[in-house]
């Protein structure tokens, strides 16, 4: 007799050859549960997968272009087939985590949460940044953003976007708000005869929503939709009040494809004499189209025989670093830059990459003072020599909208020994930059490097500050000679009577800095004063971008 132990597992053939027996019900169930013959113990179940960890991910180049919704066809900008292949949302999120952990300047600050609780790649990207603060209490990383790749490529290459041709300056973000026109683009809807928006014109209502006081979510949504149209062909109604007027007027504007003019003004100011002439240049954006525009502007100033330059970059939020280098060379000339062997900017990546660029995989090399065109546009082609003014100093007009590549112009000139006199308010504080990284139709911008000048200085996360401004906690190298002066919306940009330009001319003549005063607008409680507003531009035009647009893998 064979005794069956409770933990044994038998099969029918064990009962004897040729014998078929009806098994008791309990034994039949036990045999079924054992899964039949084979003898021995079943294989153990597979171990559970390890908890998600960024350290378990493959390299970001191998994870790239695995897309939940792959693109097909050819990229109209690069003329190359899209690299996308089928993947999942988790693949896209894993690429973001691996890319951040390898290339982000402050990769050690990031918590790297499990992406399973995030329903989009962009939503997950939003948390892959440093949570720390600067010495002044600002967020250390205020510059994390994304663009739809097609939209970013179109903007980066041509400066075309939907809008009215009016750049708004929001001087108070909480009710009672103040939104005024900073400047307009010639030939745009904002300058049409029936609209005629001027610098300092205040917006009071948008599509019958009170811009000054409405704080409902529906109202805020309507204000944003009207001020910043998403597409071409949108018509919105505005109630505005021109500077100095006592009455309001109602206008309609229809959004159009706006081409930014990066250098709308370059001229010799009146009153100059031979050997004592001041030039003025308004430079608003480091776009690709700025290369030929800057060349034309410098040629104009050179032809006028200027001996000093006022560079107005109060609303210039940034763009291509190479454009900044070209401008700095054209101001300083070869003697203190290329001939002296000085660099414009040296980028520093995180501790994982002390000598090799993690994006290009080439040696980390400095950005020189570029003395030739880089070919950002078809004309002029790359390789042509740049004109230069050979100035030992420059006056810069700044504001809170002076950011990134614009700050690099200041810092690069300082590193070459050029005297920089700052008139205006503290700049935004962004010595950092990006390689734009396209993955699955979204271009991601995550800070990868910090720039320093030829002297090794790049410590201005709280901005450059005129010497009579709020300098507590500011590095000594970021405190510049000059004057803190409020923006003046009562005069056109380039008017010698405009507050900041007038202060620059006065400083040049040996006068003291003007007292800080506000500029009142009719019908509004709060004056326009030294509390800088926020100039609203696309995020591309508020950054330091390496190279021309290209995938980063």
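Numbering (my numbering), first residue to last: 163 to 715. In this text, a Cβ means the ideal position worked out from N, Cα and C, and glycines have one as well. Quantities reported herein were computed from a predicted structural model and do not represent experimental measurements.
Which of helix, strand or coil does DSSP assign to residue 214? For residue 214, the secondary structure class from DSSP, reduced to helix, strand or coil, is coil.
How should residue 492 be labelled, buried or exposed, when 16 other C-beta atoms within 10 angstroms of its C-beta is the threshold for buried? Buried is the call here.
Run through the segment 281-324 for me and flag every whole alpha helix (DSSP H) of 4 or more residues, listed as ranges in chain order. Fully enclosed alpha helix (DSSP H) runs of 4 or longer: 283-287, 311-320.
Looking at the secondary structure, which residues open and close the beta strand (DSSP E) in which residue 555 lies? For residue 555, the enclosing beta strand (DSSP E) starts and ends at 555-560.
Is it right to say residue 553 is buried, meaning 16 or more other beta carbons lie within 10 angstroms of its own, or is it exposed? Answer is buried; the Cβ neighbour count reaches 16.
Specify whether the segment 362-376 and the segment 330-343 touch according to this definition: at least 3 beta carbon pairs, one from each stretch, less than 8 Å apart. Contact between the segment 362-376 and the segment 330-343 is present, with at least three C-beta pairs closer than 8 Å.
Taking the Cβ atom as the reference point for each residue, do residue 424 and residue 447 lie within a distance shorter than 8 Å? Taking 8 Å as the cut-off, the Cβ atoms of residue 424 and residue 447 count as close.
Can you name the start and end residues of the beta strand (DSSP E) that residue 242 belongs to? Element bounds for residue 242: n/a, residue is neither H nor E.
Cβ pair residue 486, residue 544 closer than 8 Å: No, they are not a contact pair.
DSSP on residue 510, reduced to helix/strand/coil? In the displayed model, residue 510 falls within a strand according to three-state DSSP.
For residue 303, count the other beta carbons within 10 Å of its own beta carbon; 16 or more makes it buried, fewer makes it exposed. Which is it? Only buried fits residue 303, as 16 or more other CB atoms lie within 10 angstroms of its CB.
Along the alpha helix (DSSP H) that carries residue 662, what are the first and last residues, could you check? From DSSP, the alpha helix (DSSP H) with residue 662 extends over 661-670.
Count the other CB atoms within 10 Å of the CB of residue 598; is the residue buried (16 or more) or exposed (fewer)? Buried, by the Cβ-count rule.
For residue 335 and residue 221, what's the separation of their Cα atoms in angstroms? About 42 Å.
Can you list, in chain order, the residues of its chain whose CB lies under 6 Å from that of residue 445, leaving out five sequence neighbours each side? Only 425, 475, 478 meet the Cβ criterion.
So for residue 655, helix, strand or coil by DSSP? In the displayed model, residue 655 falls within coil according to three-state DSSP, outside both helix and strand.
By the three-class DSSP mapping on this structure, what secondary structure does residue 609 have? Note: residue 609 maps to coil in three-state DSSP.
Alpha helix (DSSP H) runs contained entirely in the segment 459-520, provided each spans 4 or more residues: The qualifying runs are 483-494.
Rank 539, 583, 305 by C-alpha distance to the C-alpha of residue 592 and give the top, closest one. For residue 592, the closest of 539, 583, 305 by C-alpha to C-alpha distance is 305.
Integer-rounded CB distance, given that residue 308 should sit under 8 Å from residue 607: Taking a contact as a CB-CB distance under 8 Å, the pair residue 607 and residue 308 counts as one, their CB atoms being some 7 Å apart.
Exposed unless 16 or more other CB atoms sit within 10 angstroms - verdict on residue 697: Buried.
Below 8 Å on the Cβ atoms is my contact criterion, and I expect residue 402 with residue 384 to pass it. Report the Cβ-Cβ distance as a whole number of Å. Not really, about 16 Å apart at Cβ, beyond 8 Å.
contact_flag[the segment 648-655, the segment 605-619] where n(CB pairs < 8 Å) is 3 or more: Inter-segment contact for the segment 648-655 and the segment 605-619 is absent: fewer than three beta-carbon pairs are separated by less than 8 Å.
Return the chain-ordered ranges of every beta strand (DSSP E) run that is complete within the segment 327-414 and spans a minimum of 3 residues. Those beta strand (DSSP E) runs which fall completely within the segment 327-414 and span 3+ residues are 328-334, 340-346, 364-368, 397-403.
Could you check where the beta strand (DSSP E) with residue 599 kicks off and where it finishes? Under the DSSP assignment, residue 599 falls in the beta strand (DSSP E) whose first and last residues are 599-601.
Thinking just about the alpha-carbon of each residue, which of 375, 624, 466 is nearest to the one in residue 727? The chain is shown from 163 up to 715; residue 727 falls before or after that span and cannot be answered.
Between residue 612 and chain B, is any beta-carbon pair separated by less than 8 Å? Here there is only one protein chain, and chain B is not present.
Starting from residue 582, trace the beta strand (DSSP E) in both directions and tell me its first and last residue. Counting along the chain, the beta strand (DSSP E) containing residue 582 begins and ends at 581-586.
Residue 250 and residue 226 closer than 8 Å at C-beta: Residue 226 sits away from residue 250, with the two beta carbons spaced by 8 Å or more.
Taking the beta strand (DSSP E) that residue 770 belongs to, which residues open and close that run? The structure shown does not extend to residue 770, since the chain is modelled only from 163 through 715, so no value can be given for it.
Neighbour-count burial assignment, residue 584, 16 or more Cβ in a 10 Å radius: With 16 or more Cβ atoms within 10 Å of its Cβ, residue 584 is classed as buried.
By Cβ distance, which residues of its chain are closer than 7 Å to residue 437, with the 5 residues on each side in sequence left out? Once the five neighbours on either side are set aside, the close Cβ partners of residue 437 are 469.
Residue 576, DSSP secondary structure in three states: Reduced to three states, the DSSP call for residue 576 is helix.
Alpha helix (DSSP H) segment containing residue 646, residue limits: For residue 646, there is no enclosing alpha helix (DSSP H); the residue is found in the beta strand (DSSP E) stretching over 644-646.
Whole-number beta carbon distance between residue 557 and residue 471, since they are thought to touch under 8 Å: Contact between residue 471 and residue 557 holds, since their C-beta atoms are separated by about 7 Å, short of 8 Å.
Using DSSP with H/G/I as helix, E/B as strand and the rest coil, what is residue 589? When DSSP states are grouped into helix, strand and coil, residue 589 belongs to the coil group.
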